[in-house]
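See below for the structure under consideration.
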Amino acid sequence: LLIFKMDKITKEDRINHIQTYNEKYDNKGFNTRAIHYGQPPDPFYGSVNTPIHMTSTFAQTDAADPIYSFDYGRVGNPTREALESVIASLEGGKYGLTAGSGLGCTMVITHTLKSGDHILCVDDIYGGTGRYFRKIAAPVYGMESDYVDMTDLDLVKSSIKENTK
Numbered sequence: 369l370l371i372f373k374m375d376k377i378t379k380e381d382r383i384n385h386i387q388t389y390n391e392k393y394d395n396k397g398f399n400t401r402a403i404h405y406g407q408p409p410d411p412f413y414g415s416v417n418t419p420i421h422m423t424s425t426f427a428q429t430d431a432a433d434p435i436y437s438f439d440y441g442r443v444g445n446p447t448r449e450a451l452e453s454v455i456a457s458l459e460g461g462k463y464g465l466t467a468g469s470g471l472g473c474t475m476v477i478t479h480t481l482k483s484g485d486h487i488l489c490v491d492d493i494y495g496g497t498g499r500y501f502r503k504i505a506a507p508v509y510g511m512e513s514d515y516v517d518m519t520d521l522d523l524v525k526s527s528i529k530e531n532t533k
């Protein structure tokens, strides 16, 4: 068993390193930012492409003290962090947010709405999302939803209500 001491890197250290790296690309074009932003070369191996981190857990000194500020893959990992950074840059934002699944993203967005808001959905939406809107968002949060053929722009326009978000 090989054991070695790793220096603790805080989330702030990592973010500062990435932001400093990103500054040289802030005024570059879309294509350049798409392949470089948020993806500094790997400090251990020098790879210039962010690898896909498929691990579920990260090294920790104890359960509440991750060494590199990542603890559990579903909460965040270097791959998602790079994706969030590049999407934010390409969309003109400072921060990005990704979710582990489409339904996870739907829930994040839905929880920014309030009771009485109307959600307009594509009629062939993923079944779990439709169930979430009908069985949770409607009775628990007081939101309403309608499902329309989004290829029919006239139908989409006529389905928009005052409270559609």
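For the sequence shown, the residue numbers in our numbering are 369 to 533. From the three backbone atoms N, C-alpha and C, an ideal C-beta is built for every residue, glycine too.
Beta strand (DSSP E) segment containing HIS486, residue limits: 486-490
Enclosing alpha helix (DSSP H) for TYR500 [first to last residue]: 495-500
Extent of the continuous beta strand (DSSP E) run through ASP514: 512-516
Helix, strand or coil at GLN428 according to DSSP, with G and I counted as helix: strand
Backbone secondary structure at ASP381 - three-state DSSP: helix
Close-in-space but distant-in-sequence residues of the same chain around SER424 (CB under 8 Å, 5 per side omitted): TYR440, GLY441 and ARG442
DSSP three-state assignment for TYR509, whether helix, strand or coil: helix
Beta-bridge pairing of PRO434 - partner residues as DSSP gives them: GLN428
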